[in-house]
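Here's the structure we're looking at; comments come further down.
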Amino acid sequence: MTEIEHVMPRRRLPVITGILVLIALAILISLGTWQVERLHWKEGLLADIAARQLAAPVPLADIEAMAAIGGDIEYRRVTATGRYLNDKERHFFATWRGQTGFYVYTPLELADGRTLLVNRGFVPYENKEPEMRMQGQLTDQQTVTGLAREKLPGKPSWVVPDNDVAKNIFYWKDLDVMAESVGLDKARVIPFFVDADSTPNPAGLPIGGVTQVALPNDHLQYAFTWYGLAAVLIAVVAISWFRKPGKQPAQ
53 MTEIEHVMPR
63 RRLPVITGIL
73 VLIALAILIS
83 LGTWQVERLH
93 WKEGLLADIA
103 ARQLAAPVPL
113 ADIEAMAAIG
123 GDIEYRRVTA
133 TGRYLNDKER
143 HFFATWRGQT
153 GFYVYTPLEL
163 ADGRTLLVNR
173 GFVPYENKEP
183 EMRMQGQLTD
193 QQTVTGLARE
203 KLPGKPSWVV
213 PDNDVAKNIF
223 YWKDLDVMAE
233 SVGLDKARVI
243 PFFVDADSTP
253 NPAGLPIGGV
263 TQVALPNDHL
273 QYAFTWYGLA
283 AVLIAVVAIS
293 WFRKPGKQPA
303 Q
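Numbered according to this note's numbering, the sequence shown spans residues 53 to 303.
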């Protein structure tokens with residue numbers, strides 16, 4: 053008897069499975085598109101920051117006015133004049149070019165009696181105490197030019213150690229505690245920091261110009277990942293849909 057081959061009908065994707073595939077595909081494409089949008093936003097932000105760092109410095113009063121109305125003051129160049137209160141400096145634990153040490157935050161007393169916390173720059177660990185760098189303890193009236201830095205709203209992360217105020221070692225920049233720990237009136241402290249530029253200090257310490265713009269920009273990679281997963285999903289469904297079914301002999 054001659055065998056008659058019957059070709060199995062092409063498989064159909066179950067309705068529920070098809071709906072789930074479409075939902076998953078829409079989510080993956082949406083995530084990829086969102087990352088592309090974030091990429092454009094981040095590139096614009098980085099370009100804006102670069103422009104701010106190259107702009108001419110403005111008086112402290114201009115930055116204060118901008119901050120008062122909720123403006124973005126971060127990384128804007130500013131200049132301020134006053135007298136350093138060297139006996140009230142605070143030390144922020146930091147690493148600079150592979151060397152462990154501290155950023156020295158010193159209150160700058162302005163003409164109106166208010167104070168501005170200035171990150172004067174980096175000193176190696178062994179130079180933490182002022183007596184190890186007396187030449188850099190500037191006196192009399194000084195003018196500092198640098199970048200405005202916003203006050204942190206709180207501890208950046210639970211993994212960051214608590215500040216050791218007693219030992220004058222800060223692991224995160226708590227402006228209020230820095231000021232209060234040296235007896236400054238919180239109401240008369242400018243509510244943001246200034247990072248001094250790289251203008252040399254006597255004997256080279258502190259080393260200014262230590263501001264690091266650490267803004268990761270991995271959005272393109274993430275976009276490729278989401279779009280790639282969407283493409284893989286489409287390929288898997290297509291292979292399943294168009295795969296030739298087997299043949300069964302009929303008796």
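Positions of the beta carbon are idealized from the N, C-alpha and C atoms, including for glycine.
| Item | Value |
| --- | --- |
| So for R166, helix, strand or coil by DSSP? | coil |
| In the DSSP assignment, find the alpha helix (DSSP H) that holds G96 and state where it starts and stops. | V67 to L106 |
| May I ask you to verify whether the region 144-161 touches the region 276-295, counting CB pairs closer than 8 Å and requiring at least 3? | no |
| Per DSSP, N171 is paired with what? | Y157 and D247 |
| Provide the residue span of the beta strand (DSSP E) that contains W148, from first to last. | R142 to W148 |
| How would you call A146, buried or exposed, if buried means at least 16 neighbouring beta carbons within 10 angstroms? | buried |
| Could you name the residues of the same chain whose beta carbon sits closer than 7 Å to that of E202, not counting the 5 residues immediately before and after it, in chain order? | I125, E126 and F244 |
| From D306 to I291, what distance separates their C-alpha atoms? | Residue numbering for the chain in the displayed model covers 53 to 303; residue 306 lies beyond these limits and cannot be assessed. |
| A255 and Q187 - do their beta-carbons sit closer together than 8 Å? | yes |
| To which residues of the same chain is L285 closer than 8 Å at the C-beta, ignoring the five residues directly before and after it? | V73, A76, L77 and L80 |
| Between which two residues does the beta strand (DSSP E) harbouring T133 extend? | R129 to Y136 |
| Assess, as a yes-or-no matter, whether the region 105-118 is touched by the region 127-138 under the definition of 3 or more beta carbon pairs within less than 8 Å. | yes |
| Under DSSP, the alpha helix (DSSP H) around T277 begins and ends at which residues? | H271 to F294 |
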